[in-house]
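Peer 1: Letter by letter, the sequence shown follows residues 172 to 348 of the numbering used here.
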Amino acid sequence: GDVIRLKKGGRWHGMLHPKGSGSQEAPIRLEGYGEGARPEIHGDGSYAAIYLEGVSFWQVRGIAVTNHAEERGIRQGICICGAPLGITGGILIEECEVSDVTGENRRSRDVYASMYWNSGIYVTMPGRASEKNHLHDIVISHNHVHDVLTSGIRVNQQEDFINDIHHTHVVIRGNRI
């Protein structure tokens with residue numbers, strides 16, 4: 172049930188990579204406070220500006236995110252990456268603005284270095300999903316994603332070209348891309 176509040180109009184640089192999970196009854200919230208423009212997190216070429224890796228029950232609301240770099244590469248604005256084992260879920264990304272993500276847009280590169288592994292908002296997990304290991308209850312709602320290389324919003328898993336995806340209740344609605 173913790174709340175992390177970033178001052179509106181403030182700017183932070185580098186990757187926000189929080190550890191720890193909330194609970195279904197008390198999710199951890201990342202949001203702005205005060206008056207002014209959305210708080211900004213600039214990834215500055217890191218893997219992701221906001222990287223929710225292996226954590227559950229997080230809500231990210233009203234944050235502006237960029238991830239500009241001089242060279243194209245595998246990178247995200249906001250990345251939700253499930254744990255390799257178990258069910259990762261209860262994640263909400265809402266009313267955020269994701270822009271200026273210098274991802275990889277070349278299809279001809281090696282599989283894991285190509286355009287398929289980056290996005291403005293990216294939802295993934297390592298390995299293969301199964302009934303016991305997957306993402307559940309991921310909601311991406313009312314965000315504005317623009318000026319990103321390659322995808323606006325992408326959902327996959329590391330081995331999605333080999334196996335069916337078993338994720339459940341992944342909802343993407345009302346976004347402007």
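Beta carbons: idealized from backbone N, C-alpha and C, even for Gly.
Taking 7 Å as the cut-off, decide whether the C-beta atoms of C250 and Y283 are in contact.
Peer 2: Translated into positions along the sequence shown, residue 250 becomes position 79. Translated into positions along the sequence shown, residue 283 becomes position 112. Not a contact, by the Cβ cut-off of 7 Å.
Peer 1: If contacts are defined as beta-carbon pairs under 8 Å, then P198 and G261 qualify, I think. What distance do you get, rounded to the angstrom?
Peer 2: To locate residue 198, count along the sequence shown from 1; it is residue 27. To locate residue 261, count along the sequence shown from 1; it is residue 90. So it is a contact: roughly 6 Å between Cβ atoms.
Peer 1: Since S290 and Q328 are thought to touch, with beta carbons under 8 Å apart, how far apart are those beta carbons, to the nearest angstrom?
Peer 2: Here residue 290 refers to the residue found at position 119 when the sequence shown is read from its first residue. Here residue 328 refers to the residue found at position 157 when the sequence shown is read from its first residue. So it is not a contact: roughly 13 Å between Cβ atoms.
Peer 1: Buried or exposed: which applies to L201, given that a residue is buried once 16 or more other Cβ atoms fall within 10 Å of its Cβ?
Peer 2: Here the question's residue 201 lines up with position 30 in the sequence shown. Buried.
Peer 1: Within the continuous beta strand (DSSP E) that includes I175, where are the two ends?
Peer 2: The residue given as residue 175 occupies position 4 in the sequence shown. Unbroken beta strand (DSSP E) run through I175: V174 to K178.
Peer 1: Name the residue from V326, V316, D173 and P189 whose alpha carbon lies nearest to the alpha carbon of I348.
Peer 2: Taking the first residue of the sequence shown as position 1, residue 348 is located at position 177. Nearest option by C-alpha distance: V316.
Peer 1: Quick one: residues in its chain with C-beta nearer than 7 Å to the C-beta of D308, no 5 flanking neighbours on either side, listed in chain order?
Peer 2: Locating residue 308 in the sequence shown gives position 137, where the first residue counts as 1. Excluding residues within five positions, the ones whose Cβ falls inside 7 Å are G260, G261 and H340.
Peer 1: Enumerate, from N- to C-terminal direction, the unbroken beta strand (DSSP E) stretches of 3 or more residues contained entirely within the stretch 178-254.
Peer 2: 182-184, 199-204, 211-213, 219-224, 229-232, 235-238 and 247-252
Peer 1: Find the nearest neighbour of N276 within the set S270, Y287 and V269, judged by alpha-carbon distance.
Peer 2: Working through the sequence shown from its first residue, we reach residue 276 at position 105. Nearest option by C-alpha distance: Y287.
Peer 1: G351 lies in the beta strand (DSSP E); which residues open and close that run?
Peer 2: The first residue shown for the chain is 172 and the last is 348, placing residue 351 beyond what the model contains.
Peer 1: Suppose you measure from the CA of G244 to the CA of L223; what does that come to, to the nearest Å?
Peer 2: Sequence index remark: in the sequence shown, residue 244 carries index 73 (1-based). Sequence index remark: in the sequence shown, residue 223 carries index 52 (1-based). In a straight line, the C-alpha of G244 is about 19 Å away from that of L223.
Peer 1: My guess is that H239 and D271 are in contact by the Cβ rule of under 8 Å, so how many angstroms apart are they, rounded?
Peer 2: Working through the sequence shown from its first residue, we reach residue 239 at position 68. Working through the sequence shown from its first residue, we reach residue 271 at position 100. Contact holds; Cβ gap of about 5 Å.
Peer 1: With a threshold of 7 Å between beta carbons, is D173 in contact with chain B?
Peer 2: Protein chain content of the structure displayed is limited to a single chain, and chain B is not contained in it.
Peer 1: Over the uninterrupted beta strand (DSSP E) stretch that includes G261, give me the two end residues.
Peer 2: For the purposes of this step, residue 261 is taken as residue 90 along the sequence shown, with counting starting at 1. Here the beta strand (DSSP E) through G261 covers I258 to E265.
Peer 1: Between the Cα of V231 and those of G225, E266 and G207, spot the shortest distance and give me the residue it belongs to.
Peer 2: Translated into positions along the sequence shown, residue 231 becomes position 60. Closest option to V231, Cα to Cα, is E266.
Peer 1: Would you say L177 and G203 are within 7 Å of each other, going by their C-beta atoms?
Peer 2: To locate residue 177, count along the sequence shown from 1; it is residue 6. To locate residue 203, count along the sequence shown from 1; it is residue 32. Yes. Within cutoff.
Peer 1: Starting from G298, trace the beta strand (DSSP E) in both directions and tell me its first and last residue.
Peer 2: Residue 298 sits at position 127 when you count from the first residue of the sequence shown. Careful: G298 lies outside any beta strand (DSSP E) and carries neither H nor E.
Peer 1: Report buried or exposed for H305, applying the criterion of at least 16 other Cβ atoms within 10 angstroms of its Cβ.
Peer 2: Indexing the sequence shown from 1 puts residue 305 at position 134. It is buried - the Cβ of H305 has at least 16 other Cβ atoms within 10 Å.
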